[in-house]
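See structure below.
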Amino acid sequence: MLSNALRRCSTRSSLILGVSRTAVRSSLVAAANNNSHLVAVGTNPRFLSSDSHDDFAPQKKATVDGEEEAIAMIKSHVEGNRVMLYMKGNPSMPMCGFSARVVDVLKKEGADFSSVNVLDYPAIREGVKKFSEWPTIPQLYVNGEFIGGCDIITAMHESGELKEVLEEEK
Numbered sequence: 644m645l646s647n648a649l650r651r652c653s654t655r656s657s658l659i660l661g662v663s664r665t666a667v668r669s670s671l672v673a674a675a676n677n678n679s680h681l682v683a684v685g686t687n688p689r690f691l692s693s694d695s696h697d698d699f700a701p702q703k704k705a706t707v708d709g710e711e712e713a714i715a716m717i718k719s720h721v722e723g724n725r726v727m728l729y730m731k732g733n734p735s736m737p738m739c740g741f742s743a744r745v746v747d748v749l750k751k752e753g754a755d756f757s758s759v760n761v762l763d764y765p766a767i768r769e770g771v772k773k774f775s776e777w778p779t780i781p782q783l784y785v786n787g788e789f790i791g792g793c794d795i796i797t798a799m800h801e802s803g804e805l806k807e808v809l810e811e812e813k
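Residue numbers for the sequence shown follow my numbering, so the first one is 644 and each next one is one higher.
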C-alpha cells in the first residue's frame with residue numbers, strides 16, 4: 644500500500660514524465676521496498692523539454708579550424724575592439740583566479756571591454772599564445788597592442804599606468 648507521500652509523488656511524477664501512474668507507482672514501490680534511490684524512470688529522454696520553443700534548444704558554437712583561422716580571428720578581435728581580453732570563463736563568471744583578477748581591475752578602471760572565453764575555443768586558446776608570444780592566459784590588448792597578463796595588468800593598475808593606457812585615444 645502506498646503512503647500519502649508516495650501517492651503524491653507518483654501523481655506529480657506521472658504528470659512530469661508523461662508515463663502512466665501505474666508505471667510510476669510500481670517504480671516507487673520497488674524503490675521503497677529495496678531501499679533503492681531510484682524514484683522513477685522516464686521513457687522520453689527529453690521529457691522536460693519535449694515541447695520547448697526552438698529559442699531554448701542547444702545552440703552550436705562557432706568553430707575555429709586550425710591555427711591560421713584562429714590567428715585571423717584573433718587579429719580581427721584585437722583590431723576590432725578597443726579593449727580585448729582573452730580569458731578563462733567570461734566577465735560574469737571567470738573560471739580562474741587570474742582571469743577574475745583582470746576582470747576586477749578592468750571594472751575598477753571603468754573600462755568597456757570585449758572578451759573571449761578561451762575554454763570554449765581550444766584553437767584560439769593556443770593561437771592567442773602564439774599571436775602575442777606570451778605563454779599564459781589571461782591576455783589583455785588595448786588599441787591593438789598586447790599589454791600583458793594578470794601580474795602586469797595588476798602592477799599597471801596599482802601604479803596608475805593602466806588608467807593612462809585605457810584613456811589613450813586610438
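All C-beta atoms, glycine included, are put in the ideal place defined by N, C-alpha and C.
Beta-carbon proximity check, residue i vs residue j, cutoff 8 Å
i: N760; j: N786; result: no
i: V746; j: I796; result: no
i: V726; j: F756; result: yes
i: E752; j: K806; result: yes
C-alpha distance - residue i paired with residue j, whole-angstrom precision
i: M625; j: P781; result: No information on residue 625 is available, as it lies outside the stretch 644 to 813 that the chain covers here.
i: F741; j: A798; result: 13 Å
i: P765; j: V808; result: 29 Å
i: A715; j: G803; result: 32 Å
i: E769; j: C739; result: 17 Å
i: I767; j: A713; result: 5 Å
For residue i, three-class secondary structure by DSSP
i: P778; result: coil
i: G732; result: strand
i: V761; result: coil
i: G740; result: helix
i: G723; result: helix
i: E788; result: strand
Beta carbon proximity, residue i to chain C, threshold 8 Å
i: I714; result: The structure shown has no chain C; it contains just one protein chain.
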